[in-house]
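Q:
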Amino acid sequence: MSNVKEHLDTTRTQLLQEIHLLDDTTFNKKPDEQSWSVAQICHHLVLVEEATKKAITWGLKAEEQSTPARKNVHLILDRSRKFQAPPIVEPAEEPFTVQAMLDLLATTRKNLLAFLQTIEEPEALAKRAVKHPALGELPLDQWIEMVYMHEQRHIKQLQEIVRE
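Count along the sequence shown from 1, then add 4; that gives the number in our numbering.
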């Protein structure tokens with residue numbers, strides 16, 4: 005779990021470096037009508053982190069499976085593959101300030117890490133699975149990996165938006 009925490013920390017540090025110097029106008033500017041702004045990408049990441057916590061909570065209550073199938077979660081890093089965000093993790097349309105988003109990102113990460121610390125049997129995470137919207141049945145420990153990989157995917161996206 006410590007290796008996962010390192011990845012979560014490293015990825016989040018990179019995200020914060022990308023957004024903390026943006027002004028609120030740039031932060032909320034959409035490249036086009038069909039695309040998300042940097043603020044919306046960040047809000048989506050907040051919502052995904054909250055949804056991941058819920059999925060793991062639900063999954064821990066599910067019946068144990070001896071060895072749920074492992075997935076190639078690295079597929080999420082391939083930005084040529086498009087995924088439709090489920091409604092539960094679609095970002096709000098209203099603008100955000102950079103500072104408000106930094107606070108939201110800090111809160112959801114603190115909550116996720118605190119939640120993970122409460123799991124009495126971390127090995128149970130590999131023995132239970134919950135349906136992931138992009139990858140199907142996914143072992144719970146891979147849900148945690150998906151948090152930072154998904155964030156890495158969106159860091160690339162927001163870097164493109166800021167460069168435009």
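Heads up, the beta-carbon is just placed ideally off N, CA and C, and yes, glycines get one too.
What's the C-alpha gap between THR56 and ARG74?
A: Position 52 of the sequence shown, counting from 1, holds the residue named residue 56. Position 70 of the sequence shown, counting from 1, holds the residue named residue 74. Distance between the alpha carbons of THR56 and ARG74 is about 17 Å.
Q: Provide the residue(s) that pair with HIS136 in DSSP beta bridges, ordered along the chain.
A: For the purposes of this step, residue 136 is taken as the residue at position 132 of the sequence shown. Note: HIS136 sits in a beta bridge opposite GLY140.
Q: Quick one: using the 10 Å Cβ neighbour count with 16 as the cut-off for buried, is HIS154 buried or exposed?
A: The sequence position of residue 154 within the sequence shown is 150, counting from 1. Result: buried.
Q: Hey, LEU171 and LEU106: beta-carbon distance below 8 Å or not?
A: Summary: the structure shown does not reach residue 171, with the chain confined to residues 5 through 168, and so no result is reported for it.
Q: Is PRO126 closer than 8 Å to PRO72 when the C-beta atoms are compared?
A: Stepping through the sequence shown from its first residue, residue 72 is reached at position 68. Stepping through the sequence shown from its first residue, residue 126 is reached at position 122. The answer is no: Cβ separation not under 8 Å.
Q: Extract the residue ranges of the alpha helix (DSSP H) inside the region 85 to 122, only unbroken runs of 4 or more that lie entirely within it.
A: Complete alpha helix (DSSP H) runs here, min 4: 102 to 121.
Q: Tell me, please, whether the region 89 to 103 touches the region 148 to 168 by the rule of three or more beta-carbon pairs shorter than 8 Å.
A: Touching, no, given that fewer than three Cβ pairs across the two stretches are closer than 8 Å.
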